[in-house]
Amino acid sequence: MKIKGFTLIELSIILIVMVGLALISFGTSSQLISKNEQQTLTDQIKSIIQYAKIQAINLGHSVSLAPLDASSGWSKGIVLTQFNKNTTKEEVLYQWQWNYHYWTVDWIGVNSTHKIILAPDTAHGISNGTFTLSNIRTSEKIKLIVNRLGRVRVEHLD
Numbered sequence: 001m002k003i004k005g006f007t008l009i010e011l012s013i014i015l016i017v018m019v020g021l022a023l024i025s026f027g028t029s030s031q032l033i034s035k036n037e038q039q040t041l042t043d044q045i046k047s048i049i050q051y052a053k054i055q056a057i058n059l060g061h062s063v064s065l066a067p068l069d070a071s072s073g074w075s076k077g078i079v080l081t082q083f084n085k086n087t088t089k090e091e092v093l094y095q096w097q098w099n100y101h102y103w104t105v106d107w108i109g110v111n112s113t114h115k116i117i118l119a120p121d122t123a124h125g126i127s128n129g130t131f132t133l134s135n136i137r138t139s140e141k142i143k144l145i146v147n148r149l150g151r152v153r154v155e156h157l158d
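Using UniProt numbering, read the sequence shown as starting at 1 and increasing by one per residue.
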């Protein structure tokens with residue numbers, strides 16, 4: 001009676017091929033995840049600026065965008081605030097929070113590095129400046145340049 005099955009060499013070859021395919025798919029999927037995170041973060045920041053502009057117009061006074069957590073900068077999220085004249089304090093209108101482990105977000109503005117002020121009219125505009133998105137793992141950098149009218153232009157730095 002003859003026993004049918006695979007030999008040790010055949011099993012080794014199959015295992016090596018499967019490990020090779022797994023490594024290739026892992027590299028491709030991590031690159032895809034990084035690209036998706038970059039696109040999502042870019043789109044979120046653009047929509048946050050548009051939303052803040054609309055809120056400034058609707059409320060009729062200036063609003064501010066600031067980092068969600070002052071200690072970690074802009075990398076954890078953004079908060080939209082307005083100054084309440086009655087209480088002389090900043091009130092939170094809305095906040096956006098994200099958790100991208102490999103991306104850091106920095107803001108360098110004309111008047112401030114810790115706040116973006118958006119006015120309700122075009123005469124005063126907003127604080128123009130640049131968001132820099134940096135991927136710690138891949139060293140990829142993207143600049144989101146915000147002009148006085150709140151338009152955002154994206155530049156990929158290599």
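All C-beta atoms, glycine included, are put in the ideal place defined by N, C-alpha and C.
Rounded to a whole number of angstroms, what is the C-alpha to C-alpha distance between residue i and residue j?
i      : j      : result
Asn135 : Thr104 : 7 Å
Leu21  : Ser30  : 14 Å
Leu93  : Ile145 : 24 Å
Ser47  : Asn84  : 24 Å
Ala56  : His156 : 29 Å
His114 : Ser12  : 58 Å
Val79  : Leu68  : 5 Å
Lys143 : Ile24  : 30 Å
Measure the CB-CB distance between residue i and residue j and report whether it falls below 8 Å.
i           : j      : result
Thr130      : Lys141 : no
Thr81       : Val63  : yes
Asn147      : Ser127 : no
Gly60       : Pro120 : yes
Trp98       : Gln50  : no
residue 164 : Arg137 : Limits of the chain in this structure are 1 at one end and 158 at the other, which puts residue 164 out of reach.
Trp74       : Trp96  : no
residue 192 : Val154 : In the structure as shown, the chain starts at 1 and stops at 158, and residue 192 therefore has no counterpart that could be examined.
Ala66       : Leu118 : no
For residue i, count the other beta carbons within 10 Å of its own beta carbon; 16 or more makes it buried, fewer makes it exposed. Which is it?
i      : result
Ile116 : buried
Gln38  : buried
Ala123 : exposed
Lys35  : exposed
Gly5   : exposed
Ala70  : exposed
At 3 residues or longer, what runs of the beta strand (DSSP E) sit wholly inside the stretch 32 to 93? 63 to 69 and 73 to 84
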